[in-house]
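Student:
4 protein chains.
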Amino acid sequence: MRKFILLFQCQDQKGIVARISDFIFKHGGNIVTADQYSTDPEGGYFFMRVEFILNKEQQNKDSLSEEFSPIAREFSGQWKIIDKSQTLRMGIFVSEDGHCLLDLLYLYMSGELDVKIPFVLSNSEKPRKLLTQHNIPFHYIPANKENRREAELLSYALDSTDFLVLARYMLVLSPEFLLKYNKDIINIHHGFLPAFKGADPYGKAIKQGVKIIGATAHFVNDQLDEGPIISQEVEYVSHKDNRQALIRKGRNLEKKALADAILSYVDYRIIKHENKTIVF
Amino acid sequence: MRKFILLFQCQDQKGIVARISDFIFKHGGNIVTADQYSTDPEGGYFFMRVEFILNKEQQNKDSLSEEFSPIAREFSGQWKIIDKSQTLRMGIFVSEDGHCLLDLLYLYMSGELDVKIPFVLSNSEKPRKLLTQHNIPFHYIPANKENRREAELLSYALDSTDFLVLARYMLVLSPEFLLKYNKDIINIHHGFLPAFKGADPYGKAIKQGVKIIGATAHFVNDQLDEGPIISQEVEYVSHKDNRQALIRKGRNLEKKALADAILSYVDYRIIKHENKTIVF
Amino acid sequence: MRKFILLFQCQDQKGIVARISDFIFKHGGNIVTADQYSTDPEGGYFFMRVEFILNKEQQNKDSLSEEFSPIAREFSGQWKIIDKSQTLRMGIFVSEDGHCLLDLLYLYMSGELDVKIPFVLSNSEKPRKLLTQHNIPFHYIPANKENRREAELLSYALDSTDFLVLARYMLVLSPEFLLKYNKDIINIHHGFLPAFKGADPYGKAIKQGVKIIGATAHFVNDQLDEGPIISQEVEYVSHKDNRQALIRKGRNLEKKALADAILSYVDYRIIKHENKTIVF
Amino acid sequence: MRKFILLFQCQDQKGIVARISDFIFKHGGNIVTADQYSTDPEGGYFFMRVEFILNKEQQNKDSLSEEFSPIAREFSGQWKIIDKSQTLRMGIFVSEDGHCLLDLLYLYMSGELDVKIPFVLSNSEKPRKLLTQHNIPFHYIPANKENRREAELLSYALDSTDFLVLARYMLVLSPEFLLKYNKDIINIHHGFLPAFKGADPYGKAIKQGVKIIGATAHFVNDQLDEGPIISQEVEYVSHKDNRQALIRKGRNLEKKALADAILSYVDYRIIKHENKTIVF
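Chains as they are written, first to last, in our numbering: chain Z, 109 to 388; chain L, 109 to 388; chain H, 109 to 388; chain S, 109 to 388.
(1) Return no unless some Cβ of chain Z is closer than 8 Å to the Cβ of Tyr344(S).
(2) Okay, do the segment 197 to 209 of chain S and the segment 348 to 360 of chain Z touch, 3+ Cβ pairs below 8 Å being the bar?
(3) Starting from the beta carbon of His139(L), find every residue of chain Z whose beta carbon is closer than 7 Å, and list them in chain order.
(4) Name the DSSP beta bridge partners of Phe388(Z), please?
(5) Rounded to the nearest angstrom, what separates Val342(L) and Glu258(Z) at their Cα positions?
(6) Step through the CB atoms of chain Z and report whether any lies within less than 8 Å of the CB of Arg91(S).
(7) So, is the C-beta of Ile161(S) closer than 8 Å to a C-beta in chain H?
(8) Is any beta-carbon of chain S found at less than 8 Å from that of Lys237(Z)?
(9) Are there 16 or more other CB atoms within 10 angstroms of the CB of Gly306(L), so buried, or fewer, so exposed?
(10) Do Ile378(S) and Ile338(S) have their beta-carbon atoms positioned less than 8 Å apart in this structure?
(11) Determine whether the Cβ of Leu210(S) lies closer than 8 Å to any Cβ atom of chain Z.
(12) If you measure from the beta carbon of Gln144(L) to each beta carbon in chain H, is any gap under 8 Å?
(13) Counting only runs of 4+ residues fully inside the segment 161 to 199 of chain H, write out the alpha helix (DSSP H) ranges in chain order.
(14) So what does DSSP say about His298(L), is it helix, strand or coil?
(15) Would you kindly report the start and end of the unbroken beta strand (DSSP E) that includes Tyr344(L)?
(16) Please specify which runs of the beta strand (DSSP E), each continuous and at least 3 residues long, are wholly inside the segment 243 to 302 of chain H, giving them in chain order.
(17) How big is the Cα-Cα spacing for Tyr373(S) and Gln340(S)?
(18) Throw me the rounded Cβ distance for the Phe389(L) and Ile139(L) pair, which I believe falls under 8 Å.
(19) I need the boundaries of the beta strand (DSSP E) containing Ala142(S), first residue and last residue.
(20) Quick one: which residues of the segment 216 to 245 of chain S get their C-beta closer than 8 Å to a C-beta of chain Z? List them in chain order.
(21) Along the chain, where does the beta strand (DSSP E) that runs through Val228(S) open and close?
(22) Taking the C-alpha atoms as reference points, what is the distance between Asp349(Z) and Pro250(H)?
(23) Report the neighbours of Lys364(L) on chain H: residues whose CB is nearer than 7 Å to its CB, in chain order.
(24) Label Thr195(H) either buried or exposed according to how many other C-beta atoms from any shown protein chain fall within 10 Å of its C-beta, with 16 as the threshold for buried.
(25) So is Tyr376(Z) in contact with chain S if we call contact Cβ pairs under 8 Å?
(26) Shorter than 8 Å from the beta carbon of Ile294(H) to some beta carbon of chain S?
(27) For His298(Z), would you say it is in contact with chain S, using Cβ-to-Cβ distances shorter than 8 Å as the test?
(28) Run through the DSSP bridge pairs and tell me what Glu159(Z) is partnered with.
(29) Can we say the segment 363 to 373 of chain Z touches the segment 263 to 282 of chain Z, given the rule of at least three CB pairs closer than 8 Å?
(30) Take Asn163(S) and list the residues in its own chain whose beta-carbon comes closer than 8 Å to its own, dropping the five residues that flank it on each side.
(31) When DSSP labels each residue in this structure, what does Ile225(H) get in the three-state scheme?
(32) Could you pull out every unbroken beta strand (DSSP E) segment of at least 3 residues lying fully inside the segment 301 to 375 of chain L, listed in chain order?
(33) Apart from the five residues just before and just after Arg351(S), which ones in its own chain have a Cβ nearer than 8 Å to its Cβ?
(34) For Lys237(L), which three-state DSSP category applies?
(35) Any contact between the segment 317 to 327 of chain Z and the segment 223 to 233 of chain Z? By contact I mean 3 or more CB pairs, one from each, below 8 Å.
(36) Closest to Ser346(Z) by C-alpha separation, out of Arg157(H), Ala365(H) and Thr385(H), would be which residue?
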């Protein structure tokens with residue numbers, strides 16, 4: 109019994125769901141969940157995610173893909189079939205603050221975050237001790253604003269990971285790095301984007317006197333803190349909350365927004381579209 | 109161009125989505141949204157809601173129903189096809205506090221709540237003035253705990269409404285009334301069910317010293333405040349909040365929970381199952 | 109038995125609370141609530157709000173003020189004594205969307221919002237009907253972006269009000285108007301400031317793909333949407349929420365943020381400081 | 109420069125704040141924060157918490173207490189002066205699930221949770237590895253429902269701790285244990301009290317079909333899950349959330365509610381009153 113996910117998108121038109129669900133039925137599949145969304149039923153763009161179970165041993169991702177290919181062509185669709193038994197490899201970059209890392213490790217340890225973690229990489233020695241109970245390599249690379257040492261970062265990340273998580277990594281990755289890595293990178297920003305982009309969002313929040321603070325998990329693109337937003341969390345603050353209080357409150361927001369984003373990601377529930385996300 | 113909704117439920121099995129979406133496709137329909145849920149992909153119970161557009165004038169609910177009937181039988185399913193152009197008739201019962209009524213009237217006036225309102229009925233004269241700008245009949249029936257005057261209530265509601273909303277109606281409807289009315293009734297309870305059932309939930313919340321209060325919209329059944337929950341809202345409170353503060357905070361929760369529940373209901377997005385609700 | 113509020117601020121120093129509470133005690137007063145805040149116990153700025161009851165008939169705001177004056181001088185403080193029996197006069201400006209107006213009227217009618225409302229003024233005829241059950245004058249002034257008719261606005265507002273509320277008034281008031289009016293103006297912005305300033309915040313929120321929307325009540329100053337923030341509210345949204353859904357969700361946020369701000373304001377619980385607010 | 113906290117409560121009456129603040133002023137103290145609350149300005153009960161700084165070296169808790177004693181007698185008040193430099197000793201009991209423990213350890217490590225932790229005690233071996241990076245003794249006591257081994261628990265806790273935290277300790281402590289320990293115990297319950305007391309609150313939440321789940325930090329008394337509530341947290345759930353999803357969402361709520369409660373507790377901001385709490 110094997111579980112697959114089919115992601116599909118195309119110009120909205122009649123009969124898509126019928127064709128796709130018929131395809132799954134004819135292969136003896138049982139749909140576990142199906143989600144779909146159209147930006148507009150008249151002339152919009154259509155997105156679908158179907159999770160289904162097959163119990164014929166002989167079927168695999170490749171044979172399914174081959175057989176689905178003509179259907180996709182019919183609708184001029186973009187698509188992907190994923191074999192859920194293949195676990196994604198998630199590299200983690202982190203700086204000094206280990207709260208997000210710790211939260212992800214807990215989910216990993218409990219089996220809820222079903223990934224492989226080839227390494228945790230930091231420009232600080234501090235997070236090393238958070239890994240003592242885990243069998244995960246820790247790489248210390250003393251990168252800083254003057255020398256980001258991106259070649260080294262890339263040498264660790266490029267082949268060993270399917271995606272990267274910046275779990276409070278405080279250096280901006282260059283457009284060159286993004287281009288060379290060329291896979292998804294999820295960042296947690298400790299502010300409510302699009303407000304308070306860039307450095308020191310808590311300082312900006314205090315200066316502005318906002319009554320609610322936030323955190324934002326988003327895909328990284330070549331514009332700082334402007335990639336597609338995946339999830340956001342917020343909490344009330346008051347004039348009494350100083351920077352330390354904001355940091356403490358913010359940590360809970362960051363942990364939750366990042367964990368939610370990653371859990372959605374590894375379950376292939378996120379689709380990027382026009383610098384936004386559809387999160388099924 | 110006409111919009112229809114198909115609601116379907118049956119024992120989970122292979123091919124349901126394929127058959128249903130094929131049925132819609134073959135009738136020239138375009139699926140606007142489709143939601144489905146299975147309590148368990150292995151041996152669970154399956155629920156589906158599909159909203160689709162047909163542009164053939166000759167098709168109507170009855171012809172569609174006749175043609176869908178054999179498919180439903182195949183899966184031993186329960187089902188209903190709804191013609192979205194037929195507007196539901198929503199009767200409103202209210203006592204003294206008019207905030208939920210006012211909120212519903214605003215949604216009604218703005219066109220977002222697409223219902224007919226045959227009447228507002230109250231055991232107080234106070235809400236009458238909230239209706240002056242609307243063309244909705246107001247009936248004052250001086251019901252109270254000693255004399256609930258349910259025959260009169262029923263005479264207004266039975267034939268003229270498709271469902272009832274208790275928008276802070278402070279008298280319990282008897283099992284006899286429910287049996288005779290025999291259609292859906294949605295109530296707003298000013299407490300976080302299942303905590304604080306029955307009278308004076310704010311008094312109970314104060315006595316208990318809770319730090320969060322809530323409101324709950326639910327279907328009425330013959331157990332007081334025990335019908336299937338549709339939506340809930342909550343807000344933080346502190347030791348400083350007295351009864352008046354709780355009432356004020358609670359009003360916002362009640363308005364939101366009730367409006368959300370009704371908007372879902374009139375869009376046929378709520379399915380009752382085992383004294384719970386699936387809200388698509 | 110009369111209720112007074114003392115607002116006090118000065119450079120933080122020893123003995124302030126002792127002197128102030130001693131002053132109240134010596135006048136036979138009983139402190140109902142006292143709040144204080146210092147930006148920093150070492151060299152910061154100190155704020156205090158004390159609400160107290162006096163039962164000597166002969167005492168009034170003026171005699172109290174005269175006697176308190178030397179104490180304030182001692183600490184080089186800014187201060188104000190308010191007689192709670194004097195009700196503030198709140199003018200309301202509104203455009204087409206009446207949800208905030210309706211919410212304020214409900215609070216007013218229920219006695220919870222203790223103000224006088226000398227008028228509701230609108231650049232649309234639509235809100236007129238919301239006032240039919242109230243005895244509040246409605247002024248229609250067909251102002252628009254080309255002709256803001258601020259002289260007329262001012263002629264209504266200047267002498268008859270103690271503060272103004274922009275309950276979704278969609279024209280920006282000019283710096284000249286603000287200068288001439290020279291009293292507090294509270295605005296509700298249908299976005300989570302400082303994100304999405306200016307026009308069409310919901311359009312901007314959709315374009316940005318945020319997962320949470322907000323509303324912000326703030327004092328108006330001569331920078332658009334940059335005055336001190338008083339209260340904010342937020343709610344989750346998803347890719348499925350179109351503009352209409354955002355507007356509907358936003359209305360609840362706007363109503364709540366604005367009502368909270370005004371209730372704090374008329375209770376003298378807001379202190380402006382460095383383009384921020386302390387809300388006791 | 110030393111920091112003290114004065115907690116005071118008595119029948120509400122005139123002049124309390126004046127006397128107390130005068131006392132602090134006369135001792136050369138600077139008030140950092142002062143909070144007060146009266147259940148009713150007429151005939152209610154009054155509570156006060158003042159945090160102040162003294163810079164005279166010779167003053168200590170005992171001399172201050174001796175001098176304050178006559179003032180307290182005057183008002184027939186209950187009171188306590190706390191020297192903030194004396195760190196509380198917090199014992200932790202935990203069962204298998206280590207998420208709350210890990211969260212507390214992070215706060216402890218970062219210096220924000222200013223306590224001593226004499227031990228972590230568990231009826232499972234699982235949490236041991238969470239302590240490897242800390243210098244905190246771990247005691248494994250294989251207690252279970254049949255044999256709670258409370259004598260052993262008590263032997264660890266009685267003299268070495270000032271209060272206990274049940275960070276998801278799944279055995280109920282007997283009234284005898286509570287009587288013998290006779291200090292504060294803070295528990296985290298993974299449900300929204302007073303709903304879902306006792307075992308398996310998530311199972312109950314699913315069965316009930318609630319749309320919001322919660323967690324509650326409260327003081328332990330001899331009634332199961334009925335001690336004074338300190339803090340609560342909530343999150344939306346839907347029909348799609350199975351038990352595993354509820355557990356995952358619940359963990360964030362539990363961590364936050366418990367951490368908030370403990371941070372308030374060690375800062376002496378919680379006052380118990382009539383089986384409720386005032387949290388300044």
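Note that the Cβ used here is the ideal one computed from N, Cα and C, for glycine as well.
Tutor: So, from the data block:
(1) no
(2) no
(3) Going by the sequence as given, residue 139(L) is Ile instead of His. Ordered by position in chain Z, the residues that pass the 7 Å Cβ test against Ile139(L) are Val125.
(4) DSSP, once it has assigned bridges, lists no residue as partnering Phe388(Z).
(5) 47 Å
(6) Since the displayed chain S opens at 109 and closes at 388, residue 91(S) lies outside it and no answer follows.
(7) yes
(8) yes
(9) exposed
(10) yes
(11) yes
(12) no
(13) 169 to 182
(14) coil
(15) Ile337 to Tyr344
(16) 246 to 248, 271 to 274 and 293 to 297
(17) 15 Å
(18) What the structure shows of chain L is the stretch from 109 to 388, and residue 389(L) is not part of that stretch, so it cannot be assessed.
(19) Asn138 to Ser146
(20) Glu220, Lys237, Leu238, Thr240 and Gln241
(21) Val228 to Ser230
(22) 44 Å
(23) Asn360
(24) exposed
(25) no
(26) no
(27) no
(28) Ile113(Z) and Thr141(Z)
(29) yes
(30) Met109, Arg110 and Gly136
(31) coil
(32) 320 to 327 and 337 to 344
(33) Tyr310, Gly311 and Ile314
(34) helix
(35) no
(36) Thr385(H)
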